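Chains as they are written, first to last, in this note's numbering: chain C, 445 to 538; chain D, 445 to 538; chain P, 445 to 538; chain G, 445 to 538; chain F, 445 to 538; chain A, 445 to 538; chain R, 445 to 538.
All C-beta atoms, glycine included, are put in the ideal place defined by N, C-alpha and C.
The structure presented is a predicted model; accordingly, all values stated were derived computationally and were not measured.
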Amino acid sequence: MRIKPLADRVVIKRLEAEEKTKSGIVLTGSAKERPQEAEVVAVGPGAIVDGKRIEMEVKVSDKVLFSKYAGTDVKLDGEEYVILKQDDILAIVE
Amino acid sequence: MRIKPLADRVVIKRLEAEEKTKSGIVLTGSAKERPQEAEVVAVGPGAIVDGKRIEMEVKVSDKVLFSKYAGTDVKLDGEEYVILKQDDILAIVE
Amino acid sequence: MRIKPLADRVVIKRLEAEEKTKSGIVLTGSAKERPQEAEVVAVGPGAIVDGKRIEMEVKVSDKVLFSKYAGTDVKLDGEEYVILKQDDILAIVE
Amino acid sequence: MRIKPLADRVVIKRLEAEEKTKSGIVLTGSAKERPQEAEVVAVGPGAIVDGKRIEMEVKVSDKVLFSKYAGTDVKLDGEEYVILKQDDILAIVE
Amino acid sequence: MRIKPLADRVVIKRLEAEEKTKSGIVLTGSAKERPQEAEVVAVGPGAIVDGKRIEMEVKVSDKVLFSKYAGTDVKLDGEEYVILKQDDILAIVE
Amino acid sequence: MRIKPLADRVVIKRLEAEEKTKSGIVLTGSAKERPQEAEVVAVGPGAIVDGKRIEMEVKVSDKVLFSKYAGTDVKLDGEEYVILKQDDILAIVE
Amino acid sequence: MRIKPLADRVVIKRLEAEEKTKSGIVLTGSAKERPQEAEVVAVGPGAIVDGKRIEMEVKVSDKVLFSKYAGTDVKLDGEEYVILKQDDILAIVE
C-alpha cells in the first residue's frame, strides 16, 4: 500500500534522534519551534500554476529539514508519516 | 439521483473503521484533528484558472485521506457524503 | 419583472421541505450549518478574469445544494429568492 | 454639475419606498442587512485589469439591488446619491 | 518647489467649505465618515502592473471626492495637501 | 563600505529639521504619524514581477517624503539610515 | 555535509559582534527589533513564478543585513545557521 500525495504535497518520515546525532545536526531553540529532520518517502506531482505543472524540488530519499508543526501526521502499516506542502520544507541536507 | 460537484469540488464517502483497519492505516493525533479515509464518489469538472480548466487529480473510486473538518456533510438516499474542495484532500491511498 | 444577477452571481429559490423529502436528500448537521437545496432561477453572465468571461457552470432550473448562510435574501412578487455567488453553490443534484 | 465615478465605481440614487412597492420587490431580513433598490445615475469607465479595461455591466437608468451599507453617501444639488463599486451591486431588476 | 507623487499616488488640496457650498455638494453622514471635495494638484505616473504602466484617470485641476481619512497630510510652502492613492478617490465632480 | 538594498528597497538618510525648514515643508499631524523628508542614498535594482524587473522610480540624491514608521533603521560608519521599500515612499520633492 | 535551501530560501551565518565593529555598522533600535549582519553560506535555486525560475540576488559569501527574527535557527556540525527567505534580507553590505 502506498500514499500518493496530491499537488505539491510531500510524505516524509521523521528521522530518530540517533540518526540526527550521526548527521551532526542539532536543532536549536525550544522543542516547540525547532525544525525537524526527516526523509522524503513520497512526492506529489507538483502544483499547477497558470496551467503549468511546477516540477518538485525534493525527491524520494532526500533528507530534509521541516517546520515541526507543519503538515498532518498519519500512521500507515505501523509507521508514522507526515504529509506536508513542499513549501514547509526548509532545506535538503546532504 | 446524483450529486455533481461544481468546479474543483469532490464528493467523498467516509470509509468505516473496519475498512480502515483492513487497509492498515491508523490515523494518529486526537480524534478532532486526525485526517480520515474516504472513497471518492463524484468529481467536479475542475476549477477554471486564467481561462483554462485545471484537470482534477482524483477520480471516482480513489481512496483518499482528507482533513476531518473540511467540507460539508450531506445525506443522500440514506447515505452520508462529504462535499469538499480537492485541495482539502491530502493524498490518495493505493 | 426579472432579476438579472451580475457577474458570477446566481438567483435561486429554496426548495420546500416536502420537495426535499421527495428528492431523498436529508441534510445532516445542525440546522445552522447544513446546506440547503434550491432551484436556480437566474444566472449571471459570468465573472471576467484576465479579460475573458468565465462561462457559468449552473443553468436555470438546476437543482443545487448551497451553504445556508451564503448570499442575500430578497422577496420579489411575493416569492423569496437568494442572490449568491456561484462559488457558494456546492453541487448540482440530478 | 456631474459626478463621474472612477474605475469600476457607480453612482446610484436610492428608490423610495413607494417605488419599491410598485415594483413588487419586498426585501426581507432586518432593516440593517436587507439590500436596497436604486437607479444608476453614473457609471465609471471600468477597472483596468492586466492592462485591459473591463467593460461595466450596469448602465445609466438600470434599476439595481445593492447591499445597504456598501459605498459612500453624498448629496449633490439637494439630491442624495451613493457611490459604490459595481461589485457591491447584486443584480439588475427589469 | 514641487511634490511629485510616486506610482498611482495623487496630491490634492482640500476645497474650503465656501467652495463646497458654491458647487452645490453637501456631504451627508457624520463628519468622521463623509467624503471631502478637493482639487488635484499633482498626479503620479501611474502604477506598473504586469510590466505596463497604467494610465491615471485623474489630472491636475480635477475636482474630486475622496475618503476623508485616506492618505497623508503634508504642508508645503504654507499650504496643506493630501497625498493619497488614486483608488481612494471616489469620483470626479464636473 | 556600501549598503546595496535588494529588490525594490531603498536606503535613505533623514533630513534634519533645519533642512526641512529651508525646503519650506512643514509636516502636519502628530509627530507619530507625520511623514518625514529624506534623501535617497542607495536604490535597489527593482522587484521582479512576472519575470521582468520593474525599473525604480526614485534615484540617488532624490529628496523624498516617507512614512515615519516604514522601514528599518541602521547606522553605518556613524551615520543613520533607513532601509525601506519604494512603495513606502509617498513622493519626490523637487 | 551541506544544507541546500529550497526555492528562494537562503542559509546565513550570523557575524559576531567583533566583526560588526570592524565593518563599522552599528544597528540602532532596541535589541529585539534591530537587524543583524550575517554572511551567506548557501543560496536556494530561486522561486518559480509563472513557470519561470527567478534568479537569486544574493550569492555565497555576501555580507547581508537581515531582520533578526526572520527565519529558523539550525545548528549543523557545531555551527549555528539561519534559514530564511531572500525577501527577509534587507541589503547587501560591501
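{"Check": "I'd like to know whether the C-beta of I533(R) is nearer than 8 Å to at least one C-beta of chain C.", "Outcome": "no"}
{"Check": "Could you check the C-alpha separation between V484(F) and K503(F) for me, to the nearest Å?", "Outcome": "7 Å"}
{"Check": "For A517(A), which of helix, strand or coil comes out of DSSP?", "Outcome": "Before going on, a small fix: residue 517(A) reads as Asp here, not Ala. Residue state, collapsed to three classes: strand."}
{"Check": "Return helix, strand or coil for L450(P), following the three-state DSSP convention.", "Outcome": "coil"}
{"Check": "On the DSSP bridge assignment, give the partners of A573(P) in chain order.", "Outcome": "Not covered by the structure: residue 573(P). The range shown for chain P is 445 to 538."}
{"Check": "If you compare alpha carbons, which of G488(G), D506(G), K507(G) and G522(G) is closest to I498(G)?", "Outcome": "G488(G)"}
{"Check": "Run the CB neighbour count on Y513(P), radius 10 Å, all protein chains shown included, and call it buried at 16 or more, exposed below.", "Outcome": "exposed"}
{"Check": "Is the separation between the beta-carbon of K448(D) and that of A482(D) shorter than 8 Å?", "Outcome": "no"}
{"Check": "How long is the line joining the alpha carbons of L528(C) and V508(G), rounded to whole angstroms?", "Outcome": "46 Å"}
{"Check": "For the beta strand (DSSP E) containing K507(R), name the first residue and the last one.", "Outcome": "K507 to F510"}
{"Check": "Taking K529(D) as part of the beta strand (DSSP E), name the residues at either end of that continuous run.", "Outcome": "E523 to K529"}
{"Check": "What separation, rounded to the nearest whole angstrom, lies between the Cα atoms of A535(R) and Q530(G)?", "Outcome": "42 Å"}
{"Check": "Is the Cβ of G495(P) closer than 8 Å to any Cβ of chain G?", "Outcome": "yes"}
{"Check": "V485(D) versus chain P: which residues are under 7 Å apart at the beta carbon?", "Outcome": "Simply none; closest approach about 11 Å."}
{"Check": "Quick check: what's the CA-CA separation for E501(R) versus D452(A)?", "Outcome": "12 Å"}
{"Check": "Excluding the 5 residues flanking I491(P) on each side, which residues of the same chain have their C-beta closer than 7 Å to its C-beta?", "Outcome": "The amino acid at residue 491(P) is misidentified as Ile; the sequence shows Ala. Hits under 7 Å: A451, D452 and I498."}
{"Check": "Relative to the alpha-carbon of D521(R), which residue among A486(C), E538(C) and S511(C) has its alpha-carbon at the smallest distance?", "Outcome": "E538(C)"}
{"Check": "Within 10 angstroms of the Cβ of D494(P), are there 16 or more other Cβ atoms? Answer buried if so, exposed if not.", "Outcome": "exposed"}
{"Check": "Which term fits D532(P), buried or exposed, when burial requires 16 or more other beta carbons within 10 angstroms of its beta carbon?", "Outcome": "buried"}
{"Check": "Can you name, in chain order, every residue of its own chain whose Cβ lies under 8 Å from the Cβ of E523(G), other than the five neighbours on each side?", "Outcome": "K457"}
{"Check": "Using a beta-carbon distance below 8 Å, is V455(F) in contact with chain G?", "Outcome": "no"}
{"Check": "Within the 8 Å Cβ cut-off, does P479(C) reach chain D?", "Outcome": "no"}
{"Check": "Would you mind working out which of Y525(G), V455(G) and T516(G) sits nearest F510(F), comparing C-alpha positions?", "Outcome": "T516(G)"}
{"Check": "Give me the DSSP bridge partner(s) of K496(C).", "Outcome": "V493(C)"}
{"Check": "Nearest chain F C-beta to V526(A) closer than 8 Å, yes or no?", "Outcome": "no"}
{"Check": "8 Å is my cut-off, CB to CB: does A451(R) come that close to chain C?", "Outcome": "yes"}
{"Check": "Hey, would you say Y525(P) sits closer than 8 Å to V454(P), going by beta carbons?", "Outcome": "no"}
{"Check": "Around the C-beta of T465(F), are 16 or more other C-beta atoms found within 10 angstroms, so that it is buried, or is it exposed?", "Outcome": "Note that T465(F) has pLDDT 46, beneath the 50 cutoff, so the model's placement of it is unreliable and the number below is only indicative. Under this definition T465(F) is an exposed residue."}
{"Check": "If we cut at 8 Å on Cβ distances, does V502(A) have a partner in chain R?", "Outcome": "no"}
{"Check": "How many angstroms separate the CA atom of D506(F) from the CA atom of Q480(G)?", "Outcome": "31 Å"}
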